[in-house]
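So the structure is just underneath, and the comments pick up after that.
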Amino acid sequence: MAKDRIVFLTFSKGYPVSAVELYAYFTRRFGDIIEAILMPRVGHEQVLYATMVLRSAAMIPEILSSEEIKNKFTIKGKHVWARKFIPKYSNNISPSS
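Numbering (the working numbering), first residue to last: 555 to 651.
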């Protein structure tokens with residue numbers, strides 16, 4: 555399931571990071587692990603997060619430094635925080651009205 559292969563990335567306001575920068579950095583550091591990088595469209599505002607879908611969930615511990623729940627990377631002098639994606643609602647629980 556794709557949800558098991560998603561890493562949630564956040565960026566600092568004032569230090570924009572592009573999908574191209576993310577793809578280049580993580581590919582250079584970890585190899586061909588990325589299936590997709592999804593960033594919201596926010597008009598002229600700065601994007602503050604992205605989701606990175608990995609080809610295999612087995613890479614998540616390596617990206618997050620094994621036992622850690624999050625890890626910080628510096629990409630071209632800009633801080634990027636990575637953590638395992640945790641869906642707001644599981645398939646068994648429906649959101650309250």
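Note that the Cβ used here is the ideal one computed from N, Cα and C, for glycine as well.
None of these values were measured; they are calculated from a predicted model.
- Counting only residues of its own chain and dropping the five nearest sequence neighbours on each side, S619 has a CB closer than 7 Å to the CB of N625.
- The alpha-carbon separation between K557 and I623 amounts to approximately 16 Å.
- Per DSSP, V607 is one residue of the beta strand (DSSP E) stretching across 603-608.
- Scanning its chain for C-beta atoms nearer than 6 Å, with the 5 sequence neighbours on each side dropped, one finds around L608 the residues R559, I587, in chain order.
- Listed in chain order, the beta strand (DSSP E) runs fully inside the region 578-603 are 588-592, counting runs of at least 3 residues.
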